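So the sequence shown is numbered by the working numbering: it starts at 2 and just counts up by one. Positions of the beta carbon are idealized from the N, C-alpha and C atoms, including for glycine. This structure is a prediction, so every number in the text was calculated from the model and none was measured. Presented below is the structure to which this report refers.
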Amino acid sequence: MTPHHRAPDDQDEPALLRDQFRQLLRYRSLLACGVAVGLLGGGYLALGGEDAYTATGEVLVRSAISDPFAAGSTADKGINIGSERQTAVSDTVGTLAAGTLLKAGDDVTARKLLTGLQVTNPPNTLTLRFSYTAATPEQARARAEALAGAYLAHRKARTEESIQNMSDGYRAQLGPLEEKRDLLEDQIEAGAEDDVSSARANIIVSISELSRKISELKALDTTPGYLNKKPVAPTSPTGPGLPLLLGLGGVVGLALGLLLSWVRLVFDPAVRSTRELVHSLGAPLLGTLPRERAAAGSLLAIGRGGSRLAEEYRAVAFRLAYDPSFAESRRLLVTAPRGDSAAAAAAAANLAAAFAEMGRDVLLVEADLRTPSLARDLGSAAHGTRPPRWAAGEGDGSWPTGGRTHVDVPGSGAFALIPGTAVDNVPRALTSPPVGRIVAEADRPGNVVIVLAPPVLSYADAVALVDRVEGVMIVCDPREVHRSDLERIREIIGASGGSVLGALLHPGRGRLRRARRRAKPARRRGGGGGPAAPADAPENTGDPTETLGLRTFTLPAARR
């Protein structure tokens, strides 16, 4: 195609995200394995773990107050709820609760007792919520109640201790004042001056103030709080339950599957998107063939009514026909990267039929001389040996001058086929002068020559034809071809003097069909239905190390 094709915008972030998500979905087995592992883990946690029971009690914390019914009095005076929460989980409270439980027959240490306790504070409240988790419902209830009671008892004892300390301090100040008051009273009785009476009055006022403070401390309400919600034995185990654990396991498993898919995607050498294919091959995407069940014994999709595959082949043929690079030479080399070339053979035959449908004189040359099978695959559509009017037969009967086959396309026309045959020396046959003269027939107005070659990375046969057929089309399965293969193809074809016109993607076949296709070459060489090799011809091993011999670079006269 045209070398100035538009590349996708690498800065289109939504398109990149969609493309990456589609790439991750290619590894559905990893996603399914991740979800299965997550579901199994959730089910194991729900069914395999021990049941736990949680009892909850709520304590309303209040400070000591003289008159709780007086206007303006508040119960939160001097309370730091964060400090109270730390006190509730302290070792002191745990020791008191352990002593209470020991009297009830529950012998547990304070440290072990505190491991099952959780104290929380609901927002904007003076409430402490004691939640205790144990193995049995009754044990959870008893321990939660003991811990809440121990906290209240500890807080009450701490408040009473503070009151006693303050009262003792006031009494310590009161003793010297009473002694001084008694001394002044003795002086007044002895006829002392008025200033002694004034000093006595001041001391009496101080004694009265201290006595009032001591009385107020004794009158304080030291209730530390109230057990608003008494712990009760739970009736069912705590925990998220089987449905929720399965849901969480599925979500975690899906995340694990996505992570595994991403790791697999990073290390996957295969082409991950059409964006990478275009970038690696350096050529545009000509088309993507849809998956369609082929008619029995028919390689040609063109000629079958209502075929989406035929319409895609026609679209590719039109793109090539109006491309300046192809229109100048009207030669097309169809090949695959490596492996099976059945898809390339189908593409070459259907493109020949599409060009014939446009009114062109088409010659299809099967240059696969190692495993020739195109004539047999075409079936009853290929018949006779009449050459087209613009390619008269010549030569000694060997390939490619041994004969031509007329291929009828129902409702579309016909094209000529030069079927491949087994030869003694494949490199010499591909570089022979008759091949150059046949390819040069494309120089005539209205003629198109399509050459089918073996995989370019398996054999050097396609490279031997690039100097005669400059335009190359790569037919590949995007899930099997590697980025390094496409880059190597671009370098090989460019160094050989040709250019890649584009890529045609085809849907991959299943493993069983691929195995059958790989087994076909052995049957063909054994005398199976295609053109038979001579009795003394060496067996074609298909070894990629078979390279071309010395090539003759003499161009045909028609192209000089």
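Exposure label - residue i; buried when at least 16 CB within 10 Å
{"i": "Glu146", "result": "buried"}
{"i": "Gly306", "result": "exposed"}
{"i": "Thr422", "result": "buried"}
{"i": "Ala368", "result": "buried"}
{"i": "Arg339", "result": "buried"}
{"i": "Arg387", "result": "Confidence is the limiting factor: at Arg387 the pLDDT is only 49, short of 50, which leaves the residue's position unreliable, though a coordinate-based value still follows. When all chains shown are included, Arg387 counts as exposed."}
{"i": "Ile204", "result": "buried"}
{"i": "Thr110", "result": "exposed"}
{"i": "Pro177", "result": "exposed"}
{"i": "Asn166", "result": "exposed"}
{"i": "Val427", "result": "buried"}
{"i": "Ser485", "result": "exposed"}
{"i": "Ala496", "result": "exposed"}
{"i": "Gly95", "result": "buried"}
{"i": "Asp425", "result": "exposed"}
{"i": "Ile439", "result": "buried"}
Residue i versus residue j - alpha carbon distance
{"i": "Ser262", "j": "Thr336", "result": "32 Å"}
{"i": "Phe268", "j": "Ser274", "result": "14 Å"}
{"i": "Ala487", "j": "Glu293", "result": "A small correction: the amino acid at residue 487 is Leu; Ala does not occupy that position in the sequence shown. Their Cα atoms are separated by approximately 26 Å."}
{"i": "Pro535", "j": "Ser399", "result": "Summary for Pro535: the model assigns pLDDT 36, below 50, so the residue's position carries little reliability, and this model does not support an answer."}
{"i": "Gly509", "j": "Val482", "result": "11 Å"}
{"i": "Glu59", "j": "Leu228", "result": "6 Å"}
{"i": "Arg7", "j": "Val450", "result": "Any reading at Arg7 must be qualified, since the residue scores a pLDDT of 46, below 50, and its modelled position is unreliable; no value is offered."}
{"i": "Leu418", "j": "Arg332", "result": "15 Å"}
{"i": "Ala220", "j": "Glu210", "result": "15 Å"}
{"i": "Gly447", "j": "Asp468", "result": "22 Å"}
{"i": "Pro456", "j": "Ala463", "result": "7 Å"}
{"i": "Arg1", "j": "Leu17", "result": "The structure shown does not extend to residue 1, since the chain spans only 2 to 561, so no value can be given for it."}
{"i": "Val57", "j": "Thr236", "result": "Just to set this straight, residue 57 is Thr in the shown sequence, not Val. Using only the alpha carbons, I get a separation of about 12 Å."}
{"i": "Ala105", "j": "Ala173", "result": "43 Å"}
{"i": "His155", "j": "Leu103", "result": "17 Å"}
{"i": "Gly170", "j": "Asp183", "result": "21 Å"}
{"i": "Leu255", "j": "Leu246", "result": "14 Å"}
{"i": "Thr126", "j": "Gly242", "result": "30 Å"}
{"i": "Ala442", "j": "Gly412", "result": "For the record, residue 442 in the displayed sequence is Glu; it is not Ala. Computed Cα separation, rounded: 25 Å."}
{"i": "Arg361", "j": "Pro325", "result": "17 Å"}
{"i": "Ile208", "j": "Glu180", "result": "11 Å"}
{"i": "Leu48", "j": "Leu249", "result": "15 Å"}
{"i": "Ala350", "j": "Gly380", "result": "12 Å"}
{"i": "Arg63", "j": "Thr93", "result": "20 Å"}
Neighbourhood of residue i by C-beta distance below 6 Å, restricted to the same chain and skipping five residues each side
{"i": "Ala234", "result": "Pro138, Glu139 and Arg142"}
{"i": "Tyr28", "result": "Ser262 and Arg265"}
{"i": "Arg390", "result": "Here Arg390 scores only 46 on pLDDT, less than 50, and its place in the model should not be relied on; the value that follows carries that caveat. Once the five neighbours on either side are set aside, Arg390 has no close Cβ partner at all."}
{"i": "Arg201", "result": "Leu185"}
{"i": "Asp378", "result": "Leu300"}
{"i": "Gly530", "result": "Low per-residue confidence applies at Gly530: pLDDT is 36, beneath 50, and the placement is therefore not dependable, though the value from the model is reported in the following sentence. Excluding residues within five positions, the ones whose Cβ falls inside 6 Å are Arg377."}
{"i": "Gly150", "result": "none"}
{"i": "Leu175", "result": "Leu211"}
{"i": "Thr134", "result": "Ala53, Thr55 and Gly117"}
Beta-carbon proximity list for residue i, same chain, < 8 Å, skipping 5 on both sides
{"i": "Val410", "result": "Leu301, Ile303, Gly304, Ala354, Ala357, Glu358, Ala382 and Phe416"}
{"i": "Ala287", "result": "It should be pointed out that residue 287 corresponds to Leu in this sequence rather than to Ala. Met2, Val317, Arg320, Leu321, Met474, Leu502, Gly503, Ala504 and Leu505."}
{"i": "Ala33", "result": "Gly258"}
{"i": "Gly251", "result": "Val36, Gly39, Leu40 and Gly43"}
{"i": "Pro238", "result": "Asp52, Ala53 and Tyr54"}
{"i": "Ser168", "result": "Ile215, Leu218 and Lys219"}
{"i": "Glu313", "result": "Gly288, Thr289, Leu290 and Pro291"}
{"i": "Pro124", "result": "none"}
{"i": "Leu114", "result": "Gly95, Ala98, Ala99, Leu102, Arg144 and Leu148"}
Same chain, Cβ closer than 7 Å to residue i, neighbours up to 5 away in sequence not counted
{"i": "Thr160", "result": "Ala65, Thr223 and Pro225"}
{"i": "Lys507", "result": "According to the sequence displayed, residue 507 carries His and not Lys. Excluding positions up to five away in sequence, the list reads Leu290, Ala344, Val476 and Asp478."}
{"i": "Leu25", "result": "Leu259, Ser262, Trp263 and Leu266"}
{"i": "Pro420", "result": "Glu367, Pro373, Leu375, Ala376, Thr406 and Pro532"}
{"i": "Asp20", "result": "Ser274 and Arg276"}
{"i": "Arg86", "result": "Val120, Asn122 and Leu129"}
{"i": "Ala346", "result": "Leu375, Asp378 and Leu453"}
{"i": "Val253", "result": "Gly39"}
Beta-bridge pairing of residue i - partner residues as DSSP gives them
{"i": "Arg130", "result": "Glu59 and Thr121"}
{"i": "Ala200", "result": "According to DSSP, which records beta bridges pairwise, Ala200 is partnered with nothing at all."}
{"i": "Ala382", "result": "For Ala382, which the question treats as bridged, DSSP gives no partner whatsoever."}
{"i": "Ser500", "result": "Gly472"}
{"i": "Leu228", "result": "Val60"}
{"i": "Gly42", "result": "Looking at the DSSP assignment, Gly42 forms no beta bridge with any residue, so it has no partner."}
{"i": "Val366", "result": "Ile419 and Val452"}
Residue-chain proximity (residue i, chain B), Cβ-Cβ < 8 Å
{"i": "Asn448", "result": "Protein chain content of the structure displayed is limited to a single chain, and chain B is not contained in it."}
Near the ligand GTP: residue i beta-carbon under 7 Å from a heavy atom
{"i": "Thr223", "result": "By its list of ligands, the structure shown contains no ligand whatsoever, and the ligand GTP lies outside what it can speak to."}
The segment 104-123 / the segment 211-218 touching (three or more Cβ pairs under 8 Å): no
Touch test, the segment 483-499 against the segment 277-284, Cβ-Cβ under 8 Å, three pairs minimum: yes
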